[in-house]
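Enquirer:
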Amino acid sequence: MSDEKEFSLEQIRAAARALVIAGQDVRKKLDALTVRALAQRDLAEQQVREVLTAITEGISLGAAERADEMRASLTDALHGMDDALQHAAEAMNLALGEANSSVREFAQQDVKQGLNELKNLEALFLETVGHVAQGANELVRQEMNRLVEHARRTGTGTGDRVRTVAEDLGHRVRTTAAEAGDAGRRAALEIGSRVASLASRKLSEIADRIARRAEQLKQK
16 MSDEKEFSLE QIRAAARALV IAGQDVRKKL DALTVRALAQ RDLAEQQVRE VLTAITEGIS
76 LGAAERADEM RASLTDALHG MDDALQHAAE AMNLALGEAN SSVREFAQQD VKQGLNELKN
136 LEALFLETVG HVAQGANELV RQEMNRLVEH ARRTGTGTGD RVRTVAEDLG HRVRTTAAEA
196 GDAGRRAALE IGSRVASLAS RKLSEIADRI ARRAEQLKQK
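Sequence positions in the sequence shown follow this note's numbering and run 16 to 235.
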């Protein structure tokens, strides 16, 4: 979890709305906002869901105020969220890989739990967008539902990244479990939250790199 002051869900919602209304570099800025908000919390399912809901609600509100460019605004914004979740998947990959190699500190069942949450990331994304769409105005709702259905048919960058990571991690988890034997089974049962916290720290490092790149681009 990042040491900076945590954005409230209302602040996240307001920031997403403002970015969509501004209409400049929406995809890139929504990516950065989503990564930063996720990095301030443990990357556990409930906290990820809360952040995605706040972001999506803000996007919906902002798009409603840009009727002339509503479709493009929603497309760019949801692509930004997709980009951010790919960063989150990479952070979870790094954390789970580290946890999986530390059999004395992390329980194998908790590594597997983290792997299952990673696999669910794309579904959580699309489910959240679909849920928020139900409370949007008619035009925004129709467009958000269209984008979700398209993503379900063609897949997302998050889904592609998750499948690649999960396949590799799944192999490593099985190998380490076989090697660890009783050591892994005796590890503490509360480690699942520590894996999520470790993933958050990894994502915070990614967020810092994104911010540095953005600053370098401004100076060119």
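Idealized CB from N, CA, C, for every residue including glycine.
Between Thr71 and Val147, is the Cβ-Cβ spacing less than 7 angstroms?
Expert: yes
Enquirer: Helix or strand or just coil, what does DSSP make of Ala59?
Expert: coil
Enquirer: Suppose the cutoff is 6 angstroms on Cβ atoms and the five residues either side in sequence are ignored; what does the same chain contact list for Asp46 look like?
Expert: Gly95, Asp98, Ala99
Enquirer: In chain order, what residues of the same chain lie with their CB nearer than 7 angstroms to the CB of Arg64, ignoring the 5 residues before and after it?
Expert: Answer for Arg64: Leu139, Thr143, listed in chain order.
Enquirer: Pick out whichever of Glu25, Ala103, Asn131 has its Cα sitting closest to the Cα of Asp57.
Expert: Ala103
Enquirer: In terms of alpha-carbon separation, which member of Thr171, Arg42, Ala52, Ser23 lies closest to Asn135?
Expert: Closest by alpha carbon: Thr171.
Enquirer: Looking at C-alpha atoms only, which residue of Gln101, Ala30, Met85 is the closest neighbour of Arg176?
Expert: Gln101
Enquirer: Ignore the nearest five residues each way along the sequence and tell me which others in Ala30's own chain have a CB closer than 8 angstroms to its CB.
Expert: Phe22, Leu48, Gly73
Enquirer: The alpha helix (DSSP H) that contains Ala29, what's its start and end?
Expert: 24-37
Enquirer: How long is the line joining the alpha carbons of Ile221 and Ala59, rounded to whole angstroms?
Expert: 17 angstroms
Enquirer: Does the Cβ of Arg32 have 16 or more other Cβ atoms within 10 Å, making it buried, or fewer, making it exposed?
Expert: Per the 10 Å Cβ criterion, buried.
Enquirer: Would you kindly check if the distance between the Cβ of Ala78 and the Cβ of Val180 is under 7 angstroms?
Expert: no
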